[in-house]
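Novice: Here it is, the structure in full.
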Amino acid sequence: MGPILNRTPLAACAFSDGNGAHIRVYYQDTEGTVKETYYDDKAGWALRNPDVIGKAKLNTGIACCAWANGTQIRVYFIDANNKICERIYEGGAAGSWHDGTLSISHDFKAAPYSKLSCIGYDQYESLRVYYQDTSNKLRELIFDGSKWKEGDNSLPTACSGSAISANAHKERQDRWIYYQDVSMNPKEIWYDGSRWNNGGFNPTGVFSPCAGIKTAMWNNSGNSEIRNVSVSDDNMLRVTTYTGKAWTGTKDLTRTITGSDVACVIVPGTNHWTRVYYQAEGEKIAEYGSNDGQNWSLMQASLPTSN
Numbered sequence: 000m001g002p003i004l005n006r007t008p009l010a011a012c013a014f015s016d017g018n019g020a021h022i023r024v025y026y027q028d029t030e031g032t033v034k035e036t037y038y039d040d041k042a043g044w045a046l047r048n049p050d051v052i053g054k055a056k057l058n059t060g061i062a063c064c065a066w067a068n069g070t071q072i073r074v075y076f077i078d079a080n081n082k083i084c085e086r087i088y089e090g091g092a093a094g095s096w097h098d099g100t101l102s103i104s105h106d107f108k109a110a111p112y113s114k115l116s117c118i119g120y121d122q123y124e125s126l127r128v129y130y131q132d133t134s135n136k137l138r139e140l141i142f143d144g145s146k147w148k149e150g151d152n153s154l155p156t157a158c159s160g161s162a163i164s165a166n167a168h169k170e171r172q173d174r175w176i177y178y179q180d181v182s183m184n185p186k187e188i189w190y191d192g193s194r195w196n197n198g199g200f201n202p203t204g205v206f207s208p209c210a211g212i213k214t215a216m217w218n219n220s221g222n223s224e225i226r227n228v229s230v231s232d233d234n235m236l237r238v239t240t241y242t243g244k245a246w247t248g249t250k251d252l253t254r255t256i257t258g259s260d261v262a263c264v265i266v267p268g269t270n271h272w273t274r275v276y277y278q279a280e281g282e283k284i285a286e287y288g289s290n291d292g293q294n295w296s297l298m299q300a301s302l303p304t305s306n
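What follows is the structure in structure tokens.
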């Protein structure tokens with residue numbers, strides 16, 4: 000195994016239980032190994048031994064979600080044959096990883112440069128994984144609790160290697176997807192329960208192909224609160240805010256390495272604390288955050304990672 004990959008793909012998820020809040024961050028090393036660094040309220044940031052999740056094609060997407068009320072972590076990545084793979088962690092502190100049904104029983108193929116995103120619905124006992132096919136069209140896979148199947152085929156075409164950030168209010172079927180269109184413009188579509196609509200997301204800045212774009216959201220008394228984080232082509236981590244009924248502008252946060260990916264989560268059990276993960280230096284994943292949705296600062300200069 001090698002050191003962390005420069006411009007590694009990043010994914011993060013969070014959940015809470017009787018021991019407080021928990022965050023999981025996934026990244027790739029220079030040999031393609033997908034690894035985990037994690038945070039628990041009672042212990043802070045640490046590495047699991049072993050911290051290896053699986054082997055992925057270099058520079059392809061990683062996605063993750065906490066599912067089944069936080070008793071499972073599901074991680075998705077693309078292998079050397081462009082197959083979308085699933086690994087599942089369960090069993091608490093003494094648990095272990097095993098292959099999921101998507102790996103064992105299916106052979107869904109993504110474009111060799113595809114990114115990934117996923118949504119886990121506890122209430123509906125379903126999962127959705129989003130990827131890009133070889134025609135650059137965004138595609139959806141759905142898990143209904145027992146098997147995977149192809150989902151919505153009406154999603155748009157994106158630029159090759161576009162970021163994909165899918166999000167939802169877990170208590171209802173509304174969904175949002177953020178991506179870059181064929182002209183490299185960041186775009187938003189949202190599903191209102193019956194059809195997809197074009198959203199008003201329009202961050203300031205210029206974005207290179209495959210720019211890092213991720214989103215965190217929560218339901219605030221029936222209204223959507225959205226924080227979209229992205230990396231512009233001048234290596235600036237930015238946040239674009241949606242409060243209730245409208246997008247309210249884009250703010251510069253901090254510098255990243257060239258081409259850094261991003262990941263972000265809402266910390267459960269808090270007043271919507273938001274945490275963002277990015278590469279500030281070649282072999283370091285840093286954490287930026289906000290505890291009120293408006294004021295942002297550096298939380299961790301370097302998360303623990305392994306060689």
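First residue of the sequence shown? That's 0 in numbering that gives the first Met the number 0, and the numbers climb one at a time after it.
Every residue, glycine too, gets a C-beta built ideally from N, C-alpha and C.
Remember, it's a predicted structure, so these values are computed and weren't measured experimentally.
1) Is the CB-CB distance between A20 and D40 below 7 Å?
2) Within the same chain, show all residues whose beta-carbon is closer than 8 Å to that of G204, passing over the 5 residues directly before and after it, in chain order.
3) Using 10 angstroms around the beta-carbon of Q278, count the other beta-carbons present and answer buried if the total reaches 16, otherwise exposed.
4) Let me confirm a value: A165 is counted as buried when at least 16 other C-beta atoms fall within 10 Å, else exposed. Which label applies?
5) In the structure shown, what three-state DSSP assignment does T269 receive?
6) Are the CB atoms of E85 and L102 within a distance shorter than 7 Å?
7) Compute the Euclidean distance between the alpha carbons of P303 and V24, then round it to the nearest angstrom.
8) So, do the segment 251 to 260 and the segment 45 to 52 have three or more beta carbon pairs nearer to each other than 8 Å?
9) Below 8 Å on the Cβ atoms is my guess for G292 versus R226; work out the distance and round it to an integer in Å.
10) Which residues mark the beginning and the end of the alpha helix (DSSP H) in which I103 is found?
11) If you run the structure through DSSP and keep just helix, strand and coil, what is G281?
12) Exposed or buried, what is K148 when buried is set at 16 or more other beta-carbons lying within 10 Å of its beta-carbon?
13) Which same chain residues, not among the five before or five after C209, have their C-beta less than 6 Å away from its C-beta?
14) Count the other C-beta atoms from every protein chain shown that fall within 10 angstroms of the C-beta of G211, then say buried if there are 16 or more, exposed otherwise.
15) Got a sec, what are the start and stop residues for the beta strand (DSSP E) N218 sits in?
Specialist: Working from what's here:
1) yes
2) S229, S231, D232, D233, M235, R237 and T249
3) buried
4) buried
5) coil
6) Correcting the residue type first, residue 102 is Ser in the shown sequence and not Leu. Contact flag set, yes.
7) 10 Å
8) no
9) 7 Å
10) T100 to S104
11) coil
12) exposed
13) G160
14) buried
15) I212 to N219
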